[in-house]
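S.K.: Per our numbering: the sequence shown = residues 103 to 338.
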Amino acid sequence: MYYKNFAKVYDKFMQHCDYDEWAKLIEGLIEESKVEGKKLLDLGCGTGETLIRLKENYECSGLDLSADMLTIANKKLKNKGVKLFLGDMREFNTGEKYDIIISLFDTVNHLTSIEDLDDLMKSIKDSLNPEGVYIFDVINREFMEKMFPGGIYYDNRKDMTIIWEHFEEEDLDIVEAVYFVKNKAGHYEKLKEVYEKRIFQEFEIRKIVEKNNLNLLSISKNDKIAGERFFYIVKK
């Protein structure tokens with residue numbers, strides 16, 4: 103799950119992402135959950151863009167597996183009162199409890215097994231306050247098929263060209279990514295990465311949630327901000 107080069111291109115890759123709309127969506131789901139308390143952990147926080155927006159209304163922290171991502175996030179959030187932690191979402195413990203934990207941008211799909219999902223939910227339960235909620239989104243097979251027509255995702259931008267090749271291997275979706283990134287000198291740097299994702303079925307998620315004595319409050323579909331995604335609200 104650790105991608106050594108992704109931090110170098112992440113913000114450039116996500117430059118068209120409407121983080122404001124994502125923040126509004128998450129705040130709406132938090133309101134829907136009727137959770138009390140404002141202490142929030144962004145699990146898989148990346149470079150901190152969502153935290154920048156949520157910190158106005160919540161007591162925010164972030165956790166990510168990538169030290170490079172957190173270095174960038176720290177520069178953006180320095181002196182903003184946001185705590186950042188380095189850790190693995192499958193087995194994390196910040197030493198604190200939260201009212202709200204979120205994982206966005208199909209972060210959960212980067213888990214590669216049912217055992218990983220089970221470990222995640224165990225950590226979620228241990229890190230939530232009583233009546234706390236975990237909100238996350240996942241993508242499905244149709245999403246992947248639309249993103250990779252003919253097995254290829256291609257995006258040619260002013261200062262970066264992205265080529266992702268997709269194929270399935272047993273229960274995993276493998277993406278071999280190549281980025282050609284224009285540097286300050288006007289030359290292009292080539293970066294390569296391999297991503298692994300798993301498409302979790304609804305019944306699999308339900309089973310793991312129930313196994314960990316958590317309650318599935320709702321599943322909602324959103325296809326307005328970043329393709330068709332399914333948002334889960336789980337309550338302790």
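Backbone N, C-alpha and C define an ideal beta-carbon position, used for all residues, glycine too.
Only counting the same chain, and skipping five residues up and downstream in sequence, which positions put a Cβ closer than 7 Å to that of PRO232?
M.R.: To locate residue 232, count along the sequence shown from 1; it is residue 130. Closer than 7 Å at Cβ, skipping near neighbours: LYS338.
S.K.: Helix, strand or coil: which one does DSSP assign to TYR255?
M.R.: Walking along the sequence shown from the start, residue 255 turns up at place 153. Reduced to three states, the DSSP call for TYR255 is strand.
S.K.: Looking at the ligand NAP, does it come within less than 8 Å of GLU278, judged from the CB to the closest heavy atom?
M.R.: Annotation note on the ligand NAP: not contained in the displayed structure, which lists no ligands.
S.K.: Among the residues of its own chain, which have a CB less than 6 Å from the CB of MET262, if the five just before and after it don't count?
M.R.: Counted from its first residue, the sequence shown places residue 262 at position 160. These residues qualify, in order along the chain: LYS114, VAL283.
S.K.: Thinking C-beta only, is LEU167 closer than 9 Å to ASP190?
M.R.: Looking up residue 190 in the sequence shown gives position 88. Looking up residue 167 in the sequence shown gives position 65. Contact: yes.
S.K.: With DSSP as the reference, please indicate the residues paired to ASP239 in a beta bridge.
M.R.: In the sequence shown, residue 239 corresponds to position 137, counting from 1. Its beta-bridge partners are PHE333.
S.K.: Where LYS140 and TYR121 are concerned, what is the direct C-alpha to C-alpha distance, given to the nearest angstrom?
M.R.: Numbered from its first residue, the sequence shown carries residue 140 at position 38. Numbered from its first residue, the sequence shown carries residue 121 at position 19. So the alpha carbons of these two residues sit roughly 20 Å apart.
S.K.: Which two residues bound the contiguous beta strand (DSSP E) that contains TYR290?
M.R.: Your numbering for residue 290 matches position 188 in the sequence shown. Segment 290 to 299, the beta strand (DSSP E) holding TYR290.
S.K.: The alpha helix (DSSP H) that contains LYS309, what's its start and end?
M.R.: The residue you call residue 309 lines up with position 207 of the sequence shown. Unbroken alpha helix (DSSP H) run through LYS309: 304 to 313.
S.K.: Nearest by alpha-carbon distance to LEU127: which of ASP239, PHE194, GLU278 is it?
M.R.: Within the sequence shown, numbered from 1, the residue matching residue 127 stands at position 25. Among ASP239, PHE194, GLU278, the Cα nearest to that of LEU127 belongs to ASP239.
S.K.: For the structure I just gave you, are there three or more beta carbon pairs, one from the segment 191 to 210 and one from the segment 141 to 150, closer than 8 Å?
M.R.: Yes: the two stretches touch, three or more of their Cβ pairs being nearer than 8 Å.
S.K.: So, is the C-beta of VAL311 closer than 9 Å to a C-beta in chain C?
M.R.: The structure shown contains no chain C, having only a single protein chain.
S.K.: Please name the residue in GLU295, ASN317, LEU186, ASN159 whose C-alpha comes closest to that of GLU267.
M.R.: Residue numbering aside, residue 267 sits at position 165 when the sequence shown is read from its first letter. It is GLU295 whose Cα lies nearest to the Cα of GLU267.
S.K.: Kindly list the residues whose CB is nearer than 6 Å to the CB of TYR334, restricted to its own chain and excluding five residues on each side of it in sequence; keep chain order.
M.R.: By 1-based counting over the sequence shown, the position of residue 334 is 232. Around TYR334: PHE238, ILE321.
S.K.: Hey, could you find the ends of the alpha helix (DSSP H) PHE115 is sitting in?
M.R.: Here the question's residue 115 lines up with position 13 in the sequence shown. Start and end: 108 to 115.
S.K.: Check whether the Cβ atoms of VAL111 and LEU293 lie closer than 9 Å to each other.
M.R.: For the purposes of this step, residue 111 is taken as residue 9 along the sequence shown, with counting starting at 1. For the purposes of this step, residue 293 is taken as residue 191 along the sequence shown, with counting starting at 1. In contact: VAL111 and LEU293 (Cβ atoms closer than 9 Å).
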